[in-house]
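Just so it is clear: in the sequence shown, position 136 is 260 by my numbering, and no numbers are missing.
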Amino acid sequence: MKRLLLVVEGAAEQQFVMSVLAPHLAACGITVPKPRLPLTGKSGRGGIVNYEHAKRAITSWTRQEKGTDVAFSTMFDLYKLPSNFPGHADAKSKGLPYAVVDSLERSLKDDIGDDRFIPYIQLHEFEAILFTDPQALLGPFTDRKKEVAELSKVVDQLGNPEEIDDGESTSPSKRIIKLIPEYRGAKRAVAHSIARQIGIDRIREACKHFNDWLTKLEELE
Numbered sequence: 125m126k127r128l129l130l131v132v133e134g135a136a137e138q139q140f141v142m143s144v145l146a147p148h149l150a151a152c153g154i155t156v157p158k159p160r161l162p163l164t165g166k167s168g169r170g171g172i173v174n175y176e177h178a179k180r181a182i183t184s185w186t187r188q189e190k191g192t193d194v195a196f197s198t199m200f201d202l203y204k205l206p207s208n209f210p211g212h213a214d215a216k217s218k219g220l221p222y223a224v225v226d227s228l229e230r231s232l233k234d235d236i237g238d239d240r241f242i243p244y245i246q247l248h249e250f251e252a253i254l255f256t257d258p259q260a261l262l263g264p265f266t267d268r269k270k271e272v273a274e275l276s277k278v279v280d281q282l283g284n285p286e287e288i289d290d291g292e293s294t295s296p297s298k299r300i301i302k303l304i305p306e307y308r309g310a311k312r313a314v315a316h317s318i319a320r321q322i323g324i325d326r327i328r329e330a331c332k333h334f335n336d337w338l339t340k341l342e343e344l345e
């Protein structure tokens, strides 16, 4: 059975992997242990504030695990990706979001230098997944029907959750927090359950880049 080892942005991604991605991949014969976080400072919290922290988390695993029965991947946000990330300056010149993440992922793969590594950078951050169906936010936030309706309009206007940009006030998470401020403190507890309610099939249908990544993982041999 193939194992997939992931380094992810933070606790929300970690919980998403364990509660949504891992059960799906188990049906493909792929085992996914608890993902690692790129630890930053004494707090031990995740977050990509410096690329070297992320690289260290990835390469310590690739050096430790030498077998062909294992693959490696990431789940990092494009939003606020540090400027010392491989290919950062060149990627930003690409303009279109899909071209940007494609360029960054190729640069990351080159820098890690392991054929077993499948890089993934989320357009534009984890909360884009929740915009697949903003109505699912009513699960934990039952009294926010008006606000959720406003969030649904964002997707209707753009047509694609992955197109929601990475502006300081217009990134997916900031849009949610502006209308549902309590999401900020509840994210760790509820984000993965909202994604699970939406379902991975609907997420991959709405999010092309996520689907491309998931397809690569499903095809691991």
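All C-beta atoms, glycine included, are put in the ideal place defined by N, C-alpha and C.
Here the structure is a predicted model, which is why all the values come from computation and not from measurement.
Please classify residue i as buried or exposed, where buried requires at least 16 other C-beta atoms within 10 Å of its C-beta.
i, result
"Pro346", "The chain is shown only over 125 to 345; residue 346 falls outside these bounds and no answer can be derived."
"Ser297", "buried"
"Leu128", "buried"
"Asp280", "exposed"
"Asp201", "buried"
"Lys340", "exposed"
"Cys152", "exposed"
"Trp337", "buried"
"Ser197", "buried"
"Ala213", "exposed"
"Glu345", "exposed"
"Asp239", "exposed"
"Asp193", "exposed"
If you reduce the DSSP assignment to three classes, tell me which class residue i lands in.
i, result
"Met125", "coil"
"Ala195", "strand"
"Gly168", "Residue confidence is low: Gly168 scores 48 on pLDDT, short of 50, so the model does not pin down where it sits. Its coordinate-derived value is still stated next. Gly168 falls in the coil class under three-state DSSP."
"Val173", "coil"
"Thr294", "coil"
"Asp235", "helix"
"Asp201", "strand"
"Phe241", "strand"
"Asp267", "coil"
"Leu303", "helix"
"Leu130", "strand"
Which first and last residues belong to the alpha helix (DSSP H) in which residue i is found?
i, result
"Gly309", "Tyr307 to Ile322"
"Ala260", "That residue, Ala260, is in no alpha helix (DSSP H); it is neither H nor E in DSSP."
"Val141", "Val141 -> no alpha helix (DSSP H), and no H or E assigned at all."
"Asn284", "That residue, Asn284, is in no alpha helix (DSSP H); it is neither H nor E in DSSP."
"Met208", "It is Asn, not Met, that sits at residue 208 in the sequence shown. Asn208 -> no alpha helix (DSSP H), and no H or E assigned at all."
"Glu342", "Lys332 to Glu342"
One question on the structure: do residue i and residue j come within less than 7 Å of each other, judged by their Cβ atoms?
i, j, result
"Lys126", "Ile172", "no"
"Val272", "Leu282", "no"
"Pro221", "Lys233", "no"
"Ser295", "Glu249", "yes"
"Phe334", "Arg328", "yes"
"Val131", "Ala195", "no"
"Val432", "Lys218", "In the structure as shown, the chain starts at 125 and stops at 345, and residue 432 therefore has no counterpart that could be examined."
"Ala310", "Pro285", "no"
"Pro210", "Ser231", "yes"
"Val141", "Ile324", "no"
"Gln138", "Pro159", "yes"
"Ala315", "Ala136", "yes"
"Ile304", "Phe255", "no"
"Pro157", "Ala178", "no"
Using a Cβ cut-off of 7 Å (strictly closer), state whether residue i contacts chain B.
i, result
"Ala181", "Considering every chain present, this structure includes no chain B. It has just one protein chain."
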